[in-house]
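Everything on this sheet refers to the single structure shown next.
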Amino acid sequence: MLKITGLFAAALLATAPVAFAHSMKHPAPMWRSTQLIGTPVYNTQHQKIGTIAEVLVSPNGHETEAVLAVGSFVGGKKDVAVPLDHLKLAGTTMAMAHATKTDLMAMAPYQIGQSGG
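Quick note, the sequence shown lines up with residues 220 to 336 if you use my numbering.
Shown next as structure tokens:
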């Protein structure tokens, strides 16, 4: 009996990585975080509103944010954090519908060490 249970456990463990790997398949190509850094972000009016400076992931992995560098030399620059799911892939850039540079500049600045970062 003990030998059969041991064999069953070994067989179960041997198939577990295969089952886990199968569940990790994605229908579309995914971007690496290193590809996102430096990617320009545009709105639906095709205006550049910022650039991805960092990607943040919470310790539990459920919350993700993108830190966007926004502003201009004349008007000042700052970083703001937005939920990563507010950005959508648009070719080789990212899109954030209905946002403007003014909207992002009105947000509180993101600083390292804030909750979520």
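For glycine and all other residues, C-beta sits at the position ideal for the given N, C-alpha and C.
Keep in mind it's a predicted model, so treat the numbers as computed, not measured.
Ser252 and Val274 have their C-alpha atoms spaced approximately 7 Å apart.
If you draw a straight line from the Cα of Val289 to the Cα of Gln264, it comes to about 17 Å.
Our two residues, Thr319 and Gly269, have alpha carbons roughly 9 Å apart in a direct line. Just so you know, the alpha carbons of Trp250 and Glu282 end up roughly 17 Å apart.
Burial of Ala285 is indicated by the presence of at least 16 other C-beta atoms within 10 angstroms of its C-beta.
Annotation: the continuous alpha helix (DSSP H) that includes Leu255 extends over Ser252 to Leu255.
Nearest in C-alpha terms to Val260, of all of Ala316, Lys297 and Gly280, is Ala316. It is roughly 12 Å from the alpha-carbon of Leu308 to the alpha-carbon of Asn262.
Taking the Cβ atoms as the reference, Leu306 lies roughly 7 Å from Ala314, within the contact range of under 8 Å. When the Cα atoms are used, Gln266 and Leu287 turn out to be separated by approximately 15 Å. Annotation for Asp298: the continuous beta strand (DSSP E) segment containing it runs Gly295 to Pro302. Nearest to Val276 by C-alpha distance, out of Ile256, Leu303 and Ser291, is Leu303.
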